[in-house]
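Data block below; observations after.
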Amino acid sequence: MQTHAIVELEEGTLTATVGVREGGTARITASARLPLLEPTREALADALRSLASGALQGVAGAHVVLGDRRMQHFVSTVPRMAPAEVADFVVREALRVTGMPSAQEALAAVRLLQRLPGGRLAVGVTAIARNVWGPLREAFEQVHLEVLGL
Numbered sequence: 000m001q002t003h004a005i006v007e008l009e010e011g012t013l014t015a016t017v018g019v020r021e022g023g024t025a026r027i028t029a030s031a032r033l034p035l036l037e038p039t040r041e042a043l044a045d046a047l048r049s050l051a052s053g054a055l056q057g058v059a060g061a062h063v064v065l066g067d068r069r070m071q072h073f074v075s076t077v078p079r080m081a082p083a084e085v086a087d088f089v090v091r092e093a094l095r096v097t098g099m100p101s102a103q104e105a106l107a108a109v110r111l112l113q114r115l116p117g118g119r120l121a122v123g124v125t126a127i128a129r130n131v132w133g134p135l136r137e138a139f140e141q142v143h144l145e146v147l148g149l
């Protein structure tokens, strides 16, 4: 049996969902939704603490989903190129869409979506400014909840 926790942060709301998977069957064991008026480190830490004895009880880590207007998701089609060149392209695009001046100020993750005819690739990218994610990550650390994925 595997336990999975997902914490979703959307405009003004924190949703925590915990489920278990046994074999090929998934079952939700707990779910809670709280208002999160300000997406600050302190507000998030307080909300997570309040869930520690409820929905998130006994959970060591969670996958975090950000549905925040400061988070960018985009898809790009690129010609055949080396993996390092794809990564460089993704970082440049992430900087462009987040408005960050340097690669040190943004987090970007790429995922191969599809191989297209002619050697082209379709890649999906998620990008967020480090200064947006940093305080949120710190809130998870304060309550000892490991972030397993963002």
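Per numbering that gives the first Met the number 0: the sequence shown = residues 0 to 149.
Virtual Cβ for every residue (Gly too), placed ideally from N, Cα, C.
- Per DSSP, the unbroken beta strand (DSSP E) holding residue 13 starts and ends at 12 to 21.
- Restricting attention to beta strand (DSSP E) runs no shorter than 3 residues, the segment 45 to 109 encloses them at 60 to 66, 71 to 77, ordered along the chain.
- Judged by DSSP secondary structure, residue 134 falls within the alpha helix (DSSP H) whose first and last residues are 129 to 141.
- In the assembly as shown, residue 8 is a buried residue. Its beta-carbon has 16 or more other beta-carbons within 10 Å.
- Measuring C-alpha to C-alpha distances from residue 145 to each of 37, 60, 32 identifies 60 as the nearest.
- From the listed residues 125, 77, 41, 78, the smallest Cα separation to residue 149 is found for 125.
- DSSP, reduced to helix, strand and coil, places residue 38 outside both helices and strands of the structure shown, so it counts as coil.
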